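Notes follow once the structure below has been shown.
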Amino acid sequence: MPYYKWYWDETTGTIPTNSWGTSWHYYETDGAGTVVRQVEVFANGQALKYDAEYDEDRYGGLAEAPITAADVEEFGLISIDGREFGQVWVSTSYDRYPEIVVTTDCLWGQPRLDGRRLAVGDIVCLVDRYQSLSETLADFELSLQQIKQALRYCRTLQCVQDLPLRFCHNCTLRVRQDDVSDGEEEDNWVRAERLYQQYFA
Numbered sequence: 001m002p003y004y005k006w007y008w009d010e011t012t013g014t015i016p017t018n019s020w021g022t023s024w025h026y027y028e029t030d031g032a033g034t035v036v037r038q039v040e041v042f043a044n045g046q047a048l049k050y051d052a053e054y055d056e057d058r059y060g061g062l063a064e065a066p067i068t069a070a071d072v073e074e075f076g077l078i079s080i081d082g083r084e085f086g087q088v089w090v091s092t093s094y095d096r097y098p099e100i101v102v103t104t105d106c107l108w109g110q111p112r113l114d115g116r117r118l119a120v121g122d123i124v125c126l127v128d129r130y131q132s133l134s135e136t137l138a139d140f141e142l143s144l145q146q147i148k149q150a151l152r153y154c155r156t157l158q159c160v161q162d163l164p165l166r167f168c169h170n171c172t173l174r175v176r177q178d179d180v181s182d183g184e185e186e187d188n189w190v191r192a193e194r195l196y197q198q199y200f201a
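Here is the structure:
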């Protein structure tokens with residue numbers, strides 16, 4: 001697969017990344033030039049990483065347009081080998097669920113959306129019950145990436161690895177944990193798998 005790097009000698013012009021300085025951009029592409037993995041390394045050491053699983057956040061996202069021969073010439077992209085790209089990829093921090101947190105000081109320790117009192121299980125339930133993603137996004141001020149993260153986090157049972165103080169209140173994992181049920185809990189990871197396949201597969 002072709003790999004490229006490109007130096008951007010200007011700042012982004014947007015907050016907060018504008019203060020991070022200039023940046024090197026690294027791209028892994030498929031045979032058609034579509035970017036499949038991308039790393040942006042800034043002068044202050046901060047890095048942004050995107051791939052098919054995590055393709056967008058509040059700072060930016062995976063390049064949508066394929067890289068063409070004209071782009072390489074116009075922007076001065078430098079061809080590199082897979083080893084160089086791989087070294088940059090593994091040497092920069094990467095969180096598969098950057099907006100999902102597990103803390104003890106909010107929602108009794110349930111996995112939740114960072115900065116919100118909204119558990120992962122609640123997001124799964126909302127997506128399941130609302131008629132469309134657009135309604136869920138608008139009514140609960142969620143981004144598509146946040147919903148995608150929550151569904152992926154749940155469908156892979158990442159919470160079992162994270163060992164939260166409490167599993168989500170509407171999940172059967174919580175029933176097993178507390179040995180108490182209100183009769184409405186579901187296997188959230190099964191719902192999340194179905195919804196992920198419906199909207200994102």
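Note that full-length UniProt numbering gives residue 75 to position 75 of the sequence shown, counting from 1, and the numbers run on in steps of one.
For every residue, glycine included, the Cβ atom is placed at its ideal position computed from N, Cα and C.
On a predicted model such as this, the values are computed, not experimentally measured, just so you know.
- From which residue to which residue does the beta strand (DSSP E) around W24 run? Where W24 is concerned, the enclosing beta strand (DSSP E) stretches over S23 to T29.
- Message: Does the contact criterion of 3 or more C-beta pairs under 8 Å hold for the region 147-159 versus the region 121-130?
- Response: The region 147-159 and the region 121-130 touch, with no fewer than 3 CB-CB distances between them shorter than 8 Å.
- Query: What whole-angstrom Cβ distance do Q38 and Y26 have, given they're in contact under 8 Å?
  - Reply: 7 Å between Cβ atoms; contact.
- Query: Is the beta carbon of T172 sitting closer than 7 Å to the one on D162?
  - Reply: At the C-beta level, T172 and D162 stay beyond 7 Å of one another.
- Query: Q177: buried (16+ other C-beta within 10 angstroms of its C-beta) or exposed?
  - Reply: Counting the other Cβ atoms within 10 Å of the Cβ of Q177 gives fewer than 16, which makes it exposed.
- Opening and closing residue of the alpha helix (DSSP H) in which Y196 lies: Segment N188 to Y199, the alpha helix (DSSP H) holding Y196.
- Message: Using a Cβ-Cβ cutoff of less than 7 Å, which residues in the same chain neighbour T92 once the five nearest sequence positions on both sides are dropped?
- Response: Excluding residues within five positions, the ones whose Cβ falls inside 7 Å are V39, V41, A47 and K49.
- Task: Could you tell me if N44 is buried or exposed, where buried requires 16 or more neighbouring beta carbons within 10 angstroms of its beta carbon?
- Result: It counts as exposed.
- Item | Beta-carbon contacts of C79 that lie in its chain and below 8 Å, excluding the five residues immediately before and after | Correcting the residue identity first, residue 79 is Ser in this sequence and not Cys. Scanning its chain for C-beta atoms nearer than 8 Å, with the 5 sequence neighbours on each side dropped, one finds around S79 the residues P2, Y3, Y4 and V72, in chain order.
- Residues near T17 by beta carbon distance below 6 Å, same chain, minus five either side: For T17, where only same-chain residues beyond five positions count, the Cβ hits under 6 Å are Y59.
- Message: Applying the 10 Å Cβ sphere with the 16-neighbour rule, what's the burial state of F200?
- Response: Counting the other Cβ atoms within 10 Å of the Cβ of F200 gives fewer than 16, which makes it exposed.
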